[in-house]
Amino acid sequence: MAFQRPFLIILKREEAGQPWGFRVSGGADLATPPRVDKVVDGGLAALQGMHEGDLIIQVGKHNVQDLTETRINSLLAQPAKRLEVFIVR
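Numbering follows full-length UniProt numbering, in which position 21 of the sequence shown is assigned residue number 21; successive positions increment by one, without gaps.
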């Protein structure tokens, strides 16, 4: 398997309720790595270069590789206006 370089994607939104524009599936409880399942066309994530299939390794300061899908999604649901996501592809 080739080395995969991590990318930092920074998402910024005007209001805390605005969607990030992507959906995650997978987690330790499902025995699958967390990955971007869906990217909304024209959404914040798409505009910053996120792709469906990207593997998520970190959300904010949290390494998500050993977290459950529910915990990962709760991190994404926090009312922050800025989100840093490290991915590999």
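Where a beta carbon is used, it is the ideal one built from N, C-alpha and C, also for glycine.
Practice problem: Measure the alpha-carbon distance for residue 39 versus residue 50 and round it to whole angstroms. | Solution: 7 Å
Quiz item: So residue 21 and residue 44 are in contact, right, with Cβ under 8 Å, and what is the actual spacing, rounded?
Solution: 4 Å
Quiz item: Under a three-way DSSP split, which group does residue 68 fall into?
Solution: coil
Exercise. Answer yes if the stretch 8-22 comes into contact with the stretch 68-75, meaning at least three C-beta pairs across the two stretches below 8 Å, and no otherwise.
Key: no
Quiz prompt | Proximal residues to residue 34 (C-beta, below 6 Å), its chain only, five neighbours per side dropped | solution = 24, 26, 27, 56, 64, 72
Quiz item: Any idea if residue 83 is buried or exposed, counting beta-carbon neighbours within 10 angstroms, 16 or more meaning buried?
Solution: buried
Exercise. Please list, in chain order, all residues of the same chain as residue 16 whose beta carbon is under 8 Å from its beta carbon, the five residues on each side excluded.
Key: 79, 80, 81
Practice problem: For my contact list, residue 88 and residue 4 are in at a C-beta cut-off of 8 Å; report their separation, rounded to the angstrom. | Solution: 4 Å
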